[in-house]
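Residue numbers (mature numbering (1 follows the signal peptide of the UniProt record, and there is no 0)): -23 to -1, 1 to 190.
Note that beta-carbon positions come from the ideal geometry of N, C-alpha and C, so glycine has one too.
From a predicted model like this one, the values you see are computed outputs, not experimental measurements.
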């Protein structure tokens, strides 16, 4: 219990100093998910595949229609298997609309998971492949009490309040993160694949599907 409080304190300490883009990330074992460069204990993998063209996106149109975001799920294909997560449009309409919009444009196809923290998170969605990139815009947080950071939850990474972009993380285990990250989905298939993902593993394709009933 004491170690849990110490870990939470260190996480909070890091978060209080992340307001600028030149983030100095703490060297603690479980650092908060950030859409800036990660620390030295997580190697980087630049997305240099010349056969993959990541669209350049500069603006976000906002919340999509109910038809576009209700009863949808995301299907990520990797070399290690498939990951499917449901979306939470009722509690995170902005984040869901953003992810659906980027997915529809092919933004995530070929991008890599650039971060893994054992027993904590895997993180991806950066066109630079090293934790520093995004879609060219940011959008506001949607912080609700409906969900907590439990194993399988999918949430937006950020570098401070209202700085969401394209990077997201999937929880590898339950963890007492402060409620600073918008939770917008939950893995419903392929958690065993999530547990196998390593830094550099690619999202071969990311598609939107009708939610399985």
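| Query | Result |
| --- | --- |
| From the DSSP output, in three-state form, read off residue 80 for me. | helix |
| With DSSP run on the structure shown, which of helix, strand or coil describes residue 170? | helix |
| Hey, how far is the Cα of residue 188 from the Cα of residue 131? | 16 angstroms |
| By the DSSP assignment, the beta strand (DSSP E) with residue 100 in it spans what residues? | 98 to 101 |
| For residue 155 and residue 93, I'd like the C-alpha separation in whole angstroms. | 19 angstroms |
| Do residue 139 and residue 55 have their CB atoms nearer than 7 angstroms? | no |
| Considering only the beta carbon of each residue, do residue 62 and residue 100 sit closer than 7 angstroms? | no |
| For the stretch 152 to 166 and the stretch 57 to 77, state whether three or more C-beta atom pairs, one from each stretch, are separated by less than 8 angstroms. | yes |
| When DSSP labels each residue in this structure, what does residue 73 get in the three-state scheme? | helix |
| May I have the straight-line CA-CA distance separating residue 41 from residue 76, to the nearest angstrom? | 11 angstroms |
| In this structure, how does DSSP classify residue 63 when only helix, strand and coil are distinguished? | strand |
| DSSP three-state label for residue 43, please. | helix |
| Measuring CA to CA, which of 183, 170 and 150 is closest to residue 98? | 150 |
| Determine the closest residue to residue 89 out of 78, 79 and 103, with distance taken between C-alpha atoms. | 103 |
| Residue 148: which of 112, 137, 174 and 123 sits nearest, CA to CA? | 174 |
| Sort out for me which residues DSSP pairs residue 130 with in a bridge. | 163 |
| When you compare the CB positions of residue 180 and residue 46, do they come within less than 7 angstroms of one another, or not? | no |
| For residue 48, tell me which candidate among 171, 117 and 70 has the shortest Cα-Cα distance. | 70 |
| Exposed or buried, which one is residue 134 when buried takes at least 16 other CB atoms within 10 Å? | buried |
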